[in-house]
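To start, the structure under review is shown below, and the notes come after it.
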Amino acid sequence: MLCSLICLRRKPPTSLLLHLSNRFSSSSFSSSTAATMVVAHPKDDAYLSATIPKRIQLFESIQAEQQTRRLSLSPDPIKVTLPDGTVKEAKKWQTTPFDIAREISKNLANNALIAKVNDVLWDMNRPLEEDSKLQIFKFEDDEGRDTFWHSSAHILGQSLETEYGCKLCIGPCTTRGE
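Numbered according to the working numbering, the sequence shown terminates at residue 636, and the numbering increases by one at each position without gaps.
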């Protein structure tokens with residue numbers, strides 16, 4: 459329950475108050491109670507201006523390191539087996555699940571969200587490392603939908619942090635509101 463409440467530093471919109479009062483409709487809950495639940499939390503610009511560039515630098519550093527390592531590895535031929543038994547030729551450390559999806563159909567490539575390589579969830583742009591069995595998931599699949607919502611939560615978290623000054627916790631929301 460507590461996880462669904464967002465602390466805003468601005469005056470809460472009427473629609474939020476209405477949503478909260480409808481959601482928690484009881485004789486002890488009113489829109490004035492909702493207004494007190496939406497706590498003003500000033501944005502910490504000093505923290506954000508120090509933290510965000512560090513995050514970007516760390517990401518770019520790891521990305522460059524991985525790219526350098528990949529370029530040093532031999533692009534030996536590998537076989538990729540699809541769920542229907544079709545076998546595709548690929549190159550180790552170069553071919554990605556996205557490349558295979560694009561070979562199959564433009565529609566699949568446009569709608570693919572995540573892959574499973576040898577039963578391990580795999581980013582669509584991460585190169586294949588060995589002979590593999592490959593599954594590709596779209597939003598209609600549980601794996602695709604879960605990936606979409608997980609990624610969306612990160613984007614929402616960054617937005618709340620930068621726009622409203624929310625302090626994010628590590629990990630998913632719990633039923634106890636921790």
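By construction, the Cβ of each residue, glycine as well, lies at the ideal position given by its N, Cα and C atoms.
Worksheet item: ALA637: buried (16+ other C-beta within 10 angstroms of its C-beta) or exposed?
Response: Given a span of 459 to 636 for the chain in the structure shown, any question on residue 637 remains unanswerable.
Worksheet item: At which residues does the alpha helix (DSSP H) containing SER590 begin and terminate?
Response: Per DSSP, SER590 belongs to no alpha helix (DSSP H); it is in the beta strand (DSSP E), 590-595.
Practice prompt. From the DSSP output, in three-state form, read off PRO535 for me.
Written response: strand
Worksheet item: Of the residues LEU566, ARG584 and ARG513, which one's Cα is nearest the Cα of GLN552?
Response: ARG584
Worksheet item: When you compare only the Cα positions, how much space is there between GLY615 and TRP607?
Response: 12 angstroms
Item to complete: Flag this pair as touching only if the stretch 587-602 and the stretch 558-574 have three or more C-beta atom pairs under 8 angstroms; answer yes or no.
Response: yes
Fill in: Rounded separation between TRP580 and THR509 - CA only
28 angstroms
Worksheet item: So PRO555 packs on GLU547, CB below 8 angstroms; how close in whole Å?
Response: Actually they do not touch by this definition, with Cβ atoms about 15 angstroms apart.
Discussion item. Threshold first: 3 residues or longer. Then list the beta strand (DSSP E) segments lying entirely within the stretch 535-579, N to C.
Written reply: 535-539, 545-549 and 572-575
Fill in: Coil, strand or helix - LEU586 by DSSP
coil
Worksheet item: What are the start and end residues of the alpha helix (DSSP H) that includes ASP604?
Response: Run containing ASP604: 600-622, per the alpha helix (DSSP H) assignment.
Worksheet item: Checking contacts by CB at 8 angstroms: is ASP600 closer than that to chain D?
Response: Within the model displayed, chain D is absent; a lone protein chain is all it includes.
Item to complete: Could you give the DSSP three-state label for LEU506: helix, strand or coil?
Response: helix
Discussion item. Comparing C-alpha positions only, which one of GLN524, ALA504 and GLU561 sits nearest to LEU540?
Written reply: GLU561
Worksheet item: If we call anything under 8 angstroms between Cβ atoms a contact, is GLY623 one with PRO533?
Response: Not in contact: GLY623 and PRO533 (Cβ atoms no closer than 8 angstroms).
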